[in-house]
Amino acid sequence: MHEMSLAEGVLQIIEDAARSQDFAKVKSVVLEIGQIAAIEIEAMRFCFDAVMRGSIADGAILEIVSLPGTGWCMQCAITVPIVEQYAACPECGSYQVQPVTGTEMRVKELEVE
Amino acid sequence: MCTTCGCGTGEVKIEGHDAHWHVHEDGTAHSHASDEHVSVSGTHYRPVNGAHQHAHDHDNSHTHEHLHFGLGAAHSHAPGMTQARIVQIERDILSKNNDYAAQNRMFFEDRSILALNLVSSPGSGKTSLLVRSIIDLNESVPLAVIEGDQQTINDAERIRATGAPAIQINTGKGCHLDAHMVGQALPKIPLPNQSILFIENVGNLVCPAAFDLGEACKVAILSVTEGEDKPLKYPDMFQAARLMLLNKCDLLPHLNFDVDLAEENARRVNPMIEIIRVSATTGEGIDEWLAWIECQRKAILVKQQGKSPIHQHSRTELNVRQTVA
């Protein structure tokens, strides 16, 4: 969803960092995206290239680090691995699972010149 | 040296020997040149905390393993070889929006304003429901409305026809309201202390879920003409909402709509969600909806009164206002 807005968010973060840390060119961008975050990775790559064009990150390599998803099953009262949001608990099959990790969407680091 | 994954640190680079092979934990093997790290499928790899095996086929042939923990990039670059450096950011992609949302939230909290973000698909009856709610509230509470649509000021005009102040935000190409747009609209509408601000988001069940506007909570509106499985098809929105209003319930006798199934689906994606069945046309359930709003307002007032001395001025102001009233 809205990967274009998210890519614009990434560019804003890059431009803020460029001002505060004094660099003029971004060679690569590392994003951390949770496995159950509502981001389509392919759409993100497409939008990233489009949004970065003409900016200090034009042509930058996009690296995406995938973070595993876990949820709290209210029935089992344990943390369980989940591969998609709103999935059933792998232990008991209940849908009463609240996502704990895997919804992250972060700019982790930049390689700059 | 590979400036992406940090491998080959301190090694002598042999001319014509830029490429080397990687074997990842998942078994994928690929080669890459010194400045890239792309597998055959185009996927960029960077193990978070797994071991990362490198097989080098140069004279010093050896295999080694080391842990990256995501820090393997070119912190290790050799001075003089490249000007590249790594800047640690660790910022949420939505942090810019969240910063604006936090400002809006502070604005609301300082004034004990209840801000509700109404989200739904186009045509679920958000505006009709708002108009009905405003009429039934009958000026018992000061309120204002921010209307979000791609184009036209039609909805704001419908609200203003009830006598309530409203401001239209046209998002143009945008598919959702963001916190910055809402922040810009706030000074343009009258919002006295303890008032209610209804923010009617752009009709879209996808994007508005991710954008915090600084509201107290999101209210999702689902109409019974849409299908029981909408919460499963667009789970993010129903996950983000505290309340679901099931609208157009007056049409139920004419439809094959399983209300219980729709509610079960909503609870499947959000076990905590509250649900009220309403009809903007007949007024069914509107009392319960308005009572729910009143309950949220009370919660804000109680929270405000329990605040630290920094916020005492608001409290005093509140007491003075109550005394005057």
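Those protein sequences? They're chains D and Y, same order as listed. The end of the first sequence is residue 127 by my numbering, with every number in the run present. The end of the second sequence is residue 707 by my numbering, with every number in the run present. We put the beta carbon where it would ideally sit given N, CA and C, even for glycine.
Between Y:Gln576 and the set Y:Phe639, Y:Ile471, Y:Glu491, Y:Leu672, the nearest pair of CA atoms involves Y:Glu491. The criterion of a C-beta distance shorter than 8 Å is not satisfied by Y:Leu604 and Y:Val584. As the crow flies, the alpha-carbon of Y:Thr607 is around 8 Å from that of Y:Leu633.
For D:Ile27, the closest Cβ of chain Y is nearer than 8 Å. Interface criterion met: the Cβ of D:Glu127 is under 8 Å from a Cβ in chain Y. Checking the DSSP bridge columns, you'll see D:Thr93 partnered with D:Trp86. Y:Ala526 is a Cβ neighbour of Y:Leu573, given a cutoff of 8 Å. At a Cβ-Cβ threshold of 8 Å, D:Ile70 and Y:Ser477 do not count as neighbours. Put simply, the backbone Cα of Y:Pro504 is about 12 Å away from that of Y:Cys557. Among the residues of chain Y, none has a CB under 7 Å from the CB of D:Gln49; the nearest is roughly 11 Å distant.
DSSP, reduced to helix, strand and coil, places Y:Asn499 within a strand of the structure shown. Distance from the CA atom of Y:Glu472 to the CA atom of D:Ser42, rounded to whole angstroms, is 15 Å.
Sequence-ordered contacts of the region 467-492 of chain Y with chain D read Arg467, Ile468, Val469, Gln470, Ile471, Glu472, Arg473, Asp474, Ile475, Leu476, Ser477, Lys478, Asn479 [C-beta pairs closer than 8 Å].
Annotation for Y:Met654: no beta strand (DSSP E) segment contains it, and DSSP assigns it neither H nor E. Contact residues of the region 605-624 of chain Y toward chain D are Leu614, Pro617, Asp618, Gln621 (C-beta to C-beta distance below 8 Å). The alpha-carbon of D:Leu45 is positioned some 43 Å away from that of Y:Leu672. Proximity of D:Gly23 to chain Y, defined by a Cβ-Cβ separation below 8 Å, is satisfied. Using a Cβ-Cβ cut-off of 7 Å, D:Ala31 is close to Val469, Ile471 of chain Y, given in chain order. Taking a contact to require three or more Cβ pairs closer than 8 Å, the region 113-120 of chain D and the region 70-88 of chain D qualify as touching. Of all residues in the region 640-661 of chain Y, only Arg650, Val651, Pro653 place a beta-carbon less than 7 Å from a beta-carbon of chain D. Listed along chain Y are Ala592, Asp618, each with a C-beta nearer than 7 Å to that of D:Ala52.
With respect to Y:Ala644, Y:Glu610 sits close: the two C-beta atoms are nearer than 8 Å.
Judged by their CB atoms, Y:Val660 and Y:Leu614 are not nearer to each other than the 8 Å cut-off. Taken through DSSP and simplified to helix, strand or coil, Y:Thr509 comes out as helix. Inside the region 39-66 of chain D, DSSP marks whole beta strand (DSSP E) runs of 3 or more residues at positions 40-48, from first to last along the chain. As a beta-bridge residue in DSSP terms, D:Leu76 pairs with D:Val43.
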